[in-house]
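Structure record follows, encoded as structure tokens.
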Amino acid sequence: MKIVLIGAGSRSFGRGQIADILQAPELRGRGVKLVLVDQDEAALERMTRFARRMGGHTGSDVLIESETDRCAALPGADYVIVAVACRRYELWEQDYRVPLAYGFHHVLGENGGPGALFHALRSLELVIPICRDVERLCPQALVLNFTNPEARVLHAICHLTRVRAAGICHGVFTALEYLSRYLDRPVEAMDILSAGMNHFYCIQRVRDRKSGEDLLPLALARATADTAASPLFRKFAEIFGVFTFPSEDHIGEYVSFGAEFHGAKWPYGLESRTLLRQEPAARDIVDDYAAGRCSADAPGALQPSGEHAVPIICDVAFNRNAFRPAVNVLNTEGWIENLPRDAAVEVPARVDAAGIHPVKVGAIPEAFAAFMRPHCTIHDLLTEAYRTHSRRLLLQALLLDPNVNSIVRAERLLDDMLRLQADFLPAFE
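Residue numbers (our numbering): 7 to 435.
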């Protein structure tokens, strides 16, 4: 088995996926090769040292290689895991602050809101060429994408390339943790079904596995009463009767009223953290562990990622027919009845040697689905704008965003961002 990890130099994503692969008992004794790929030579070298030291500590027999050239890494790959970005925080800050300067009050500017348009374009400039290389060099490989904005990126991958691809996100596990706490029982004791869009899903079903009791009404009642929970999460439970992602900075990206709960601060900016007279020296577990300055039991060193890319790989490789609570796929067979068939949706799936088999969940609550449909159209327009380099379609996608309420200001914003980020975006005519 050959796994290629593109974007491996990331201190968070790379570390977590390496930890999952090297500690998966199913992958031992299987002749597995892991190829780490990153264009940043220093980051790649650091993560390679990290992986080899971890391999020694865990006793893993996975063969670790590294490449700065993905075309040298991809031939023969069975699985390609992708999480890529360039100048992540600087450009993300522009995605948030520039629309705000034009009067568009959005949340985060990552997966929804006007800022997400530019985040998506930058991601497509990185991911689509990777998928083209997969088509050419290892067309049988399964591509597991982590690159955000997940729904927008996956939509483009599936419409513009022929690769087998699915999007992976741990977001649904946050709701499962809340359900476990509200209902005072372990997740394993409940039959739970979730469906929707990445970062904007709703729990369709919660039942006690033994008794069959419907627990969703109780979960909604406790969510509504939980004054410590996100106010927007509570409002969705109270008004719309849906148990969604319990984090206002994610669900708020998809609605016009998210900013009134989240505020106008950028959570990763200086305005959101206390400034000390003398900042403590920055320490990083990846650097410390790779350099031998900390042991394997140091907090965070060998900690699993909490993602399910590696479990899915094992499901396919060993025909486990396992249930996975959330994968991002196209809605081709109407997995969600009341969303468009070409939309990127997040639904449960069973995974076996034949691949990923999404589960039909029926219709999600209609009012909740109505919030998603404009985003489905935005994704269609964005994918086509990227394919054709059409500024007109890009402007249409921007104007359909629920946080955009002015054509004049939207046109100015578009021109400004295409100029500010010209080195990272395709040209539009």
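C-beta atoms are modelled at their ideal positions from N, C-alpha and C, and glycine is treated no differently.
Collapsed DSSP secondary structure at residue 37 in the structure displayed: Within the sequence shown, numbered from 1, the residue matching residue 37 stands at position 31. Note: residue 37 maps to coil in three-state DSSP.
Nearest-angstrom beta carbon gap, residue 88 and residue 178 [assumed within contact, 8 Å]: Sequence index remark: in the sequence shown, residue 178 carries index 172 (1-based). Sequence index remark: in the sequence shown, residue 88 carries index 82 (1-based). That belief does not hold up - the Cβ atoms of residue 178 and residue 88 are roughly 20 Å apart, past 8 Å.
CA-to-CA distance, residue 434 to residue 426, given in whole angstroms: Counted from its first residue, the sequence shown places residue 426 at position 420. Counted from its first residue, the sequence shown places residue 434 at position 428. When rounded, the distance between both Cα atoms is 14 Å.
Among 29, 12, 106 and 76, which residue has its Cα nearest to the Cα of residue 422? Position 416 of the sequence shown, counted from the start, is the residue given in the question as residue 422. Among 29, 12, 106 and 76, the Cα nearest to that of residue 422 is on 106.
Check whether the region 375-392 touches the region 162-170, counting contact only when three or more Cβ pairs, one atom from each stretch, lie closer than 8 Å. yes
Endpoints, alpha helix (DSSP H) assigned at residue 145: As a first step, residue 145 is located in the sequence shown; it is residue number 139 there, counting from the start. First-last for residue 145: undefined, no H or E at that position.
Between the region 84-103 and the region 7-22, can you find at least three pairs of beta-carbon atoms closer than 8 Å? yes
Any 3 or more C-beta pairs closer than 8 Å across the region 304-316 and the region 132-141: no
Taking 8 Å as the threshold, find out whether the region 229-241 comes into contact with the region 285-295 through three or more Cβ pairs. no
Tell me the DSSP secondary structure of residue 364 in three-state form. For the purposes of this step, residue 364 is taken as residue 358 along the sequence shown, with counting starting at 1. Of the three classes helix, strand and coil, the one that applies to residue 364 here is strand, per DSSP.
Is it the case that the Cβ atoms of residue 160 and residue 334 are separated by a distance below 7 Å? Counting from one through the sequence shown, the residue named residue 160 turns up at place 154. Counting from one through the sequence shown, the residue named residue 334 turns up at place 328. Contact flag set, yes.
For the region 57-65 against the region 338-355, do three or more pairs of beta-carbon atoms, one drawn from each stretch, fall closer than 8 Å, so that the two count as touching? no
Endpoints, the beta strand (DSSP E) within which residue 207 is located: The count along the sequence shown starts at 1 and reaches residue 207 at position 201. Element bounds for residue 207: 206-214.
Across which residues does DSSP place residue 8 in a beta bridge pair? On the sequence shown, position 2 is the one that residue 8 refers to. According to DSSP, residue 8 bridges with 39.
Find the nearest neighbour of residue 112 within the set 318, 263 and 342, judged by alpha-carbon distance. Translated into positions along the sequence shown, residue 112 becomes position 106. Residue 263 is the option with its Cα nearest to residue 112.
7 Å Cβ cutoff met for residue 419 and residue 384: Against the sequence shown, residue 419 aligns to sequence position 413. Against the sequence shown, residue 384 aligns to sequence position 378. Cβ atoms of residue 419 and residue 384: not closer than 7 Å.
Sequence ranges, beta strand (DSSP E) only - wholly within the region 111-181, length at least 3: 148-151 and 170-173
Using a 10 Å radius around the Cβ and a threshold of 16 neighbouring Cβ atoms, would you call residue 411 buried or exposed? As a working note, residue 411 is residue 405 in the sequence shown. Residue 411 should be labelled exposed.
Can you find the residues in the same chain that come closer than 8 Å, C-beta to C-beta, to residue 95, ignoring five residues on each side of it along the sequence? Translated into positions along the sequence shown, residue 95 becomes position 89. Within the same chain, residue 95 has close Cβ partners 274.
With a floor of 3 residues, list each beta strand (DSSP E) that falls wholly inside the region 287-368, ordered by position along the chain. 328-336, 350-358 and 361-364
Are the region 197-209 and the region 361-379 touching, with three or more C-beta to C-beta distances below 8 Å? yes
Per the DSSP calculation, residue 88 is bridged to which residue(s)? As a first step, residue 88 is located in the sequence shown; it is residue number 82 there, counting from the start. DSSP output for residue 88 lists 12 and 151 as bridge partner(s).
Would you kindly report the start and end of the unbroken beta strand (DSSP E) that includes residue 73? Here residue 73 corresponds to residue number 67 of the sequence shown, with the count starting at 1. Segment 69-73, the beta strand (DSSP E) holding residue 73.
Using the rule of at least 16 other Cβ atoms within 10 Å of the residue's Cβ for burial, across every protein chain shown, is residue 399 buried or exposed? Translated into the one-based positions of the sequence shown, residue 399 becomes position 393. Under this definition residue 399 is a buried residue.
Alpha carbon to alpha carbon, how far is residue 222 from residue 297? Give it in angstroms, no decimals. By one-based count along the sequence shown, residue 297 stands at place 291. By one-based count along the sequence shown, residue 222 stands at place 216. Answer to the nearest angstrom: the Cα atoms are 49 Å apart.
Would you kindly check if the distance between the Cβ of residue 252 and the Cβ of residue 338 is under 7 Å? Along the sequence shown, read from residue 1 onward, the residue named residue 338 stands at position 332. Along the sequence shown, read from residue 1 onward, the residue named residue 252 stands at position 246. For residue 338 and residue 252, no; Cβs fall outside 7 Å.
Take residue 176 and list the residues in its own chain whose beta-carbon comes closer than 6 Å to its own, dropping the five residues that flank it on each side. Taking the sequence shown and counting its residues from 1, one reaches residue 176 at position 170. Same-chain partners within the cutoff: 312 and 313.
Roughly how many whole angstroms lie between the Cα atoms of residue 319 and residue 169? Residue mapping note: residue 319 aligns to position 313 of the sequence shown, counting from 1. Residue mapping note: residue 169 aligns to position 163 of the sequence shown, counting from 1. Cα-Cα distance, rounded: 16 Å.
Where does residue 250 sit, in a helix, a strand or coil, going by DSSP? Your numbering for residue 250 matches position 244 in the sequence shown. Note: residue 250 maps to strand in three-state DSSP.
Under 7 Å, do residue 266 and residue 117 count as touching if we go by C-beta distance? In the sequence shown, the residue the question calls residue 266 occupies position 260. In the sequence shown, the residue the question calls residue 117 occupies position 111. The answer is no: Cβ separation not under 7 Å.
Determine the closest residue to residue 219 out of 234, 195 and 278, with distance taken between C-alpha atoms. Mapped onto the sequence shown, residue 219 falls at position 213. If we check each option's Cα against that of residue 219, 195 comes out closest.
Counterpart residues of residue 200 in DSSP-defined beta bridges: By 1-based counting over the sequence shown, the position of residue 200 is 194. In the DSSP output, where bridge partners are listed per residue, residue 200 has 209.
So what does DSSP say about residue 422, is it helix, strand or coil? On the sequence shown, position 416 is the one that residue 422 refers to. Residue 422 falls in the helix class under three-state DSSP.
On the DSSP bridge list, what partners appear for residue 190? What you label residue 190 is simply residue 184 of the sequence shown in a count that begins at 1. Residue 190 pairs with nothing; no bridge assigned.
Residue 272: first and last residue of the uninterrupted alpha helix (DSSP H) it sits in: Along the sequence shown, one-based indexing puts residue 272 at 266. Counting along the chain, residue 272 falls outside any alpha helix (DSSP H), and DSSP gives it neither H nor E.
Count the other C-beta atoms from every protein chain shown that fall within 10 angstroms of the C-beta of residue 254, then say buried if there are 16 or more, exposed otherwise. Taking the sequence shown and counting its residues from 1, one reaches residue 254 at position 248. With 16 or more Cβ atoms within 10 Å of its Cβ, residue 254 is classed as buried.
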